[in-house]
Amino acid sequence: MKKLRYLLFRVSFIFLNLLILFGPVFAQQVRKRGAEAGQNFFDVLLQSKFITMLVIAAVVLVLLLTRKMNNRLKVSILLVSTFLYGISANLGLKIFSGFSMHPSPICAATKSILYGFRMSMIVTLAVILFLTLIGPKLFCGWVCPVGAIQELIAMLADKLGIRRRKWNFRFTQTIRLLIFLAFIFLSWTAIIHTVANGRVVALSLYDYINAFDGYELKLQSTLLDNLFHFMPFVLTLIFAFFTYRPFCYLVCPIGLITNIVEQIALFRVVRRKNTCNDCQRCVAKAPCPAVPEILKGALLRPDCFSCTVCTRSCSQNLLKFGLKDE
Ligand code: SF4
Ligand code: SF4
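Quick note on numbering that gives the first Met the number 0: the sequence shown kicks off at 0 and runs consecutively.
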């Protein structure tokens, strides 16, 4: 345990050092991009979309830490996120004009690699990383509309008594990583590309498998375009009945990045070791592959979306959201 804490301390220390070393360069880039686009980081951050995301995450964190989160609150919060960041922009109402998921988390992560950062991408990534560093995966668990709808479907599947398959984390992580590496390779070689102004421009592999697009209820010009636009979302909704958060674990590059960041998050699921009677109830109930690793005190954990199933299933309150293991 001491070794684990020491290693975590080391990782955080390295991370802080990187922040100190590269922070000024990053800040300079942010200023430069902002000056080019006539936008300032805080002007974008203070948009209704990002402010409400931070407020929702803060409310969730308090509810998790005080053990006040229950299914009714959980469904309400997830419905709000699904509506605000997924559906509302389709209504064409002025009040929701600032809530569009453009740039989607996937676009912010991948198109910035392909075409360079824009201020809205920088702010989207900053909010995702900040909420992941606070933890436990506050963005993915509670704010992301694709994550929220998969979580709601998982709850519905439980109510309907559908048995969901729990994939081995090594398998899902390998698929997620391979897709990301394929994206890097295809971008680098520009094998998938378009020609604009006589220049070859690489296209993102994720444009063809981006479930966020499905929230944009707009018909595309060709059948093939419609397939790529809606199919990833529809498949995600279907598979979410049979396995927990399929898009997050198998495809999403944000899932991949936040899984690395969540290892040093401030708050996470922690355990009180000495009271465990090894009944394995939490492992059986949990939809995710993270609980056995949490019980073992593993250094690296699979994604935890703070769904609260494990913390609420332990009859001895062994698991909780907190700062560190006791
Ligand atoms: S992993 Fe991707 S799809 Fe899943 S909740 Fe996070 S950002 Fe959303
Ligand atoms: S069951 Fe526990 S470890 Fe798994 S996602 Fe839910 S809160 Fe996280």
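Virtual Cβ for every residue (Gly too), placed ideally from N, Cα, C.
Minimum C-alpha distance to residue i - residue among the options
i: residue 293; options: 324, 201, 96 and 196; result: 324
i: residue 169; options: 317, 288 and 321; result: 288
i: residue 50; options: 154, 125 and 89; result: 125
i: residue 132; options: 67, 44, 248 and 266; result: 266
i: residue 259; options: 299, 57 and 160; result: 299
i: residue 63; options: 305, 314 and 317; result: 305
i: residue 303; options: 180, 145 and 262; result: 262
i: residue 207; options: 226, 215 and 221; result: 226
i: residue 112; options: 255, 318 and 201; result: 201
i: residue 171; options: 53, 254 and 248; result: 248
i: residue 340; options: 61, 80 and 239; result: Summary: the structure shown does not reach residue 340, with the chain confined to residues 0 through 325, and so no result is reported for it.
i: residue 205; options: 117, 176, 158 and 243; result: 176
i: residue 290; options: 167, 181, 45 and 193; result: 167
i: residue 43; options: 81, 242 and 117; result: 117
i: residue 185; options: 237, 199 and 138; result: 199
Closer than 7 Å: residue i CB and nearest ligand 2 heavy atom
i: residue 123; result: no
i: residue 289; result: yes
i: residue 168; result: no
i: residue 308; result: yes
i: residue 286; result: yes
i: residue 293; result: yes
i: residue 303; result: yes
Closer than 7 Å: residue i CB and nearest ligand 1 heavy atom
i: residue 126; result: no
i: residue 115; result: no
i: residue 253; result: yes
Residue i: CB within 7 Å of a non-hydrogen atom of ligand 4
i: residue 237; result: The model on display carries ligand 1 and ligand 2 but not ligand 4.
Short Cβ contact (8 Å threshold) for residue i with residue j
i: residue 165; j: residue 307; result: no
i: residue 250; j: residue 178; result: yes
i: residue 161; j: residue 241; result: yes
i: residue 252; j: residue 108; result: yes
Tell me whether the region 116–123 and the region 230–240 touch, counting them as touching only if at least three CB pairs, one residue from each stretch, are closer than 8 Å. By the Cβ criterion, the region 116–123 is not in contact with the region 230–240, since fewer than three pairs of Cβ atoms, one from each stretch, lie closer than 8 Å.
Would you call the region 84–93 and the region 149–166 touching, i.e. three or more CB-CB distances under 8 Å? Contact between the region 84–93 and the region 149–166 is absent, because fewer than three Cβ pairs lie under 8 Å.
Touch test, the region 72–90 against the region 134–150, Cβ-Cβ under 8 Å, three pairs minimum = With the cut-off at 8 Å, the region 72–90 and the region 134–150 touch.
> Is it a yes or a no for the region 314–323 touching the region 266–283, going by three-plus beta-carbon pairs under 8 Å?
Replying inline: The region 314–323 makes contact with the region 266–283, as at least three CB pairs between them are under 8 Å.
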